[in-house]
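Numbering (this note's numbering), first residue to last: 7 to 310.
In what follows, a single structure is set out as structure tokens and then discussed.
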């Protein structure tokens, strides 16, 4: 049970859901040609989850002192799990993910793709050991890696299946996938800033240089508000440009994504207490879930 808490099962379920809904919802709705069968897709999913789990573990290993302040009651390493056990679990998870990625890349005759898994694992280690403490850079890295967890499916499932006949369709589907990846990147960047506000005391004690430490809570939450407003406007613009003909999708986006984003902006503007920032973080995760699920209903649209 402690090991499950260490690897953030809820976050791993969200990552798995992203790839499952993209493949069996978005790709099928848009009639894309796919290179991965069930077994190879399962390998990609397991590789992604293994490396992500390793990333959570190594982050907690480096955060032992910080978590004594930020998470005094819920921290695991050094309390219920030894650092030696955690390091072993990190090594097993990361190596498993990289090996699976190497095998899968060779199976689809794209051996160069194996480097992507190594780069992701390396970035997660660098984030935990150093980049987390570099102003804004750590936030961008984590948000980017979340976006890559979606784009990687396009690289492995769509690109190898391109032919002369389906080139236009594949390009369209990949473009839609990139739209969702951009949404994930911006949303998670905002969430990372909110989490930094929540963790400001422990981060300051740990010598990190996060945005709230550098410019203060008030200014950071103002930036969060403005970014939330910008993302909301981008989503509305996307609806107007690409989804206007589909009433179901318009209603879905309005009630389950745009409305919660507007609520988030209002709450962010008035946020002052730790409980407010915690609520904002959870709300963004819920919006992310609604965004993921929307891929299952994406209309058959080929003129993007």
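Using N, Cα and C, we set each Cβ at its ideal position, and we do this for glycine too.
The distance from the Cβ of residue 47 to that of residue 29 is about 6 Å, consistent with a contact at the 8 Å cut-off. Sequence-distant Cβ neighbours of residue 187 in its own chain, meaning closer than 8 Å and more than five residues away, are 153, 154, 156 and 157. Residue environment analysis places residue 269 among the exposed positions, since fewer than 16 neighbouring C-beta atoms fall within 10 angstroms of its C-beta. DSSP places residue 21 within a helical segment (H, G or I) once states are collapsed to three.
Going by DSSP, residue 133 is part of the alpha helix (DSSP H) stretching over 120-135.
Selection 284, 208 and 169 evaluated against residue 138 yields 208 as nearest (Cα-Cα). Using a Cβ distance threshold of 8 Å, residue 53 and residue 118 do not count as a contacting pair. In the same chain as residue 176, and ignoring 5 residues on each side of it, the C-beta atoms closer than 8 Å to its own belong to 38, 39, 164, 165, 167 and 168, in chain order. Here residue 218 is buried. Its C-beta has 16 or more other C-beta atoms within 10 Å. Taking 8 Å as the cut-off, the Cβ atoms of residue 199 and residue 230 count as close.
Annotation for residue 89: the continuous alpha helix (DSSP H) segment containing it runs 89-113. Within the DSSP bridge table, the entry for residue 83 names 87 as partners.
For the pair residue 13 and residue 171, the Cα-to-Cα distance works out to about 43 Å. In this structure, DSSP gives residue 251 a state outside helix and strand, which the three-state scheme calls coil.
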